[in-house]
Structure formats: C-alpha cells, structure tokens
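Peer 1: Residue numbers (the working numbering), protein chains in the order written: chain L, 1 to 109; chain F, 1001 to 1162. By construction, the Cβ of each residue, glycine as well, lies at the ideal position given by its N, Cα and C atoms. Bear in mind that the values here come from a model prediction, so they are computed numbers and not experimental data. I have a structure I would like to understand better, so I am pasting it below and will then ask my questions one at a time.
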Amino acid sequence: MTQTLTPQDTLVTVTPAVSIIESKDAYLVSLDIPGAAKDRIAVNVEQQSLHVTAEVPAAGEEAGKQYRRQFTLADDIDPHSADARYELGVLTVTLRKKEQYRPKQIHIQ
Amino acid sequence: MSLIKRTPTSDLTRWNSEFPAFRGLLSLQHDMNRIVDEFFRGDLLADGGFSRRDWYPAVDITENAERYVLNAELPGMAKEDVQVTLENNVLTIRGEKKGTTEEKQGDVHRIERRFGSFERSFTLPSTVDVNKIDAQYKDGVLSLTLPKAEEAKPRAIDVKVR
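Structural data, given as structure tokens:
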C-alpha cells in the first residue's frame, strides 16, 4: 500500500465478539473488549442504531487495537433507555423495550 | 447486523452473516479481520504444546531484549477463574468462563462470545528465568511477563585490542 502511515494506521481494527440476549423487558448486548480503559469506550445510541467504539492503546511491542461494531435497533427498543457497564473486559449495553412491548399483567375486574 | 428475533433453532450456530455478502461493503474489513483472527486462533496454530478444549483465548506474545510478554484475552472472567501453572518448562493457562444468569435465562439472538473451559500451553524458551515470571490480570487481560535470564540478555563484550 502506498498510504502514508499516520498514528491511526498503527491501530489494528477489531470487530468485538458479541452476545445478544433478550429478556422479557430488555435486550442485553455484551461485547468482549478486553484491556480497554473505561474512558476509551464510546457507546452511542441513535434513533435506530447502536455504535460501540473502543481503543486499546499500543503497549510495549504490542500494536494498539480499535474495536468497532454497530447494530441496528429493533422497533421495540427504547433508544433513550440505553445503559452501559464495563466489567472484566466486557461491555454490556442494556436496551430496554418500549413500554408497549413489555409483558404486562392485566387485572380482570 | 440487527437485533431481530430469530427462531431458537438457528440461534446457537454461527451465522452465515459472518460472511461479507450479507452485509455492507464497509464491514468487509472487519469481517476479514475476524475470520483471520479466528483462523489463526484455531487448530492451525500449533505452538508447542497446544491442547484442545472448548475454545482458545486469543494470545499475543511479544519479545524485547529483556523479556517476553504474553497477553491472553479472557474477557468476562474473574481472576479466581484463571489458573497459571508451570510444569516441565511448559506454561499452562487454564480457566472456565461462566455466563451470567441473564445470559443463561434469556432468549439467545446471537452468541459469538465463548463460554466454557479452556486450556492453552506454551513451551518456554530456555532463556526465560522461570523464577521471575510475573502475572497480572486486569480488565479481562491476563498479562504474563517472562524475564530473560541474565546470561541470555544481549550484552556488549569489551574486546581489548593489544
């Protein structure tokens, strides 16, 4: 390649492995992002999509990594409900379902 | 990819959508990286004592004049679930990754993340000072520092000219 090397090019782009689990009232999207500092992880939710990016800077002889993945949100997801946690190298984004899609007990009068 | 409900029977298998044709061209590079990653992580990487269990964590090994550094990616695992042993000059990392309750009880749409037990072994070069191996675990990365023995480090030898 004849491209000029910029610092960005020294990052290896990685698609993080994901698991998507649906419970009664939410979706749990978990991504393996080992070695990232919390402040280098960005989670953006727009009307119809979820974007996750994270950077693990180069350390010693090892190249840095850029994790990137994007998802289209199903209609039953409330985009304002997104909540993210990072623990043991796993980023878990919880997306709650819109009120009308959550199971509800209806009382019989 | 999208969060769209699938029938349970197809959920646990690796999806065909890992192949680029099913997605936009922009994600082609991601897919290729992923496929290459998994390829080299799999059976073909016969690095010394390589034993088969449920899955193999990705491992990066780097070397400089002073030491080797081995980083194993073990996201989702607690320190207590990881074990590092050294026997007959073979370093073994083993452990078990358990899913959370939500992960076990919910409806599965997609599971690319690996669970279960793993074991990976590496025969150490004779230059490693096995008494000074150091292990750290942080944010899902196990980092082993394997210092080289003094006599194995490169050094300049003064040659007297007479």
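#1: Quick one: which chain L residues come within Cβ less than 8 angstroms of N1064 of chain F?
#2: Got a sec? Which residues, its chain only, sit under 7 angstroms from K1079 of chain F by beta carbon, not counting five neighbours each side?
#3: Is there a Cβ from chain F that is less than 7 angstroms from the Cβ of P34 of chain L?
#4: Take E1135 of chain F and list the residues in its own chain whose beta-carbon comes closer than 6 angstroms to its own, dropping the five residues that flank it on each side.
#5: List in chain order: all unbroken beta strand (DSSP E) runs of 3+ residues lying wholly within the segment 1065 to 1091 of chain F.
#6: Could you check what DSSP says for Q109 of chain L in three-state terms: helix, strand or coil?
#7: Would L95 of chain L pass as a contact of Y27 of chain L if the rule is Cβ separation under 7 angstroms?
#8: Return the chain-ordered list of same chain residues with a C-beta closer than 6 angstroms to the C-beta of T24 of chain L, the five sequence neighbours on each side being excluded.
#9: Which class does P57 of chain L belong to by DSSP, given the choice of helix, strand or coil?
#10: Check the Cβ-Cβ distances between V1141 of chain F and every residue of chain L, and say whether any is below 7 angstroms.
#11: Look at the Cβ atom of G89 of chain L, then the Cβ atom of G1140 of chain F, and state whether they are nearer than 7 angstroms.
#12: Applying the criterion that 16 or more other CB atoms from any shown protein chain within 10 Å of the CB defines a buried residue, is A17 of chain L buried or exposed?
#13: Does any CB atom of chain L fall closer than 7 angstroms to the CB of I1111 of chain F?
#14: Is G1076 of chain F close to chain L, meaning its C-beta is less than 7 angstroms from at least one C-beta of that chain?
#15: Do you know whose CA, among F:D1060, F:N1064, F:T1092, F:G1076, lies nearest L1070 of chain F's CA?
#16: Measuring straight from C-alpha to C-alpha, what distance separates K98 of chain L and D75 of chain L?
#17: Leaving out five residues before and five after D1043 of chain F in sequence, what residues of the same chain have Cβ atoms less than 7 angstroms from its Cβ?
Peer 2: In short:
#1: G60, E61, listed in chain order.
#2: Cβ within range, chain order: Y1137.
#3: Yes, P34 of chain L lies at the interface with chain F (some Cβ there is under 7 angstroms from its Cβ).
#4: It should be noted that the sequence gives Ala, not Glu, for residue 1135 of chain F. Here the set comprises V1084, L1144.
#5: The segment 1065 to 1091 of chain F contains these whole beta strand (DSSP E) runs: 1067 to 1073, 1082 to 1087.
#6: Here Q109 of chain L carries a coil assignment [DSSP, helix/strand/coil].
#7: The answer is yes: Cβ separation under 7 angstroms.
#8: Strictly speaking, residue 24 of chain L in this sequence is Lys, with Thr absent from that position. Answer for K24 of chain L: P103, listed in chain order.
#9: Here DSSP, grouped into helix, strand and coil, assigns P57 of chain L to coil.
#10: True, the Cβ-Cβ gap to chain L drops below 7 angstroms.
#11: For G89 of chain L and G1140 of chain F, yes; Cβs fall inside 7 angstroms.
#12: So A17 of chain L counts as buried.
#13: The beta carbon of I1111 of chain F sits closer than 7 angstroms to some beta carbon of chain L.
#14: Yes, its Cβ sits closer than 7 angstroms to a Cβ of chain L.
#15: Considering only alpha carbons, the answer is F:D1060.
#16: K98 of chain L and D75 of chain L have their C-alpha atoms spaced approximately 9 angstroms apart.
#17: Here the model assigns D1043 of chain F a pLDDT of 40, short of 50, so the residue's position is not dependable, and the following value carries that caveat. Take D1043 of chain F, set aside five residues on each side of it, and no residue of its chain has a beta-carbon closer than 7 angstroms to its own.
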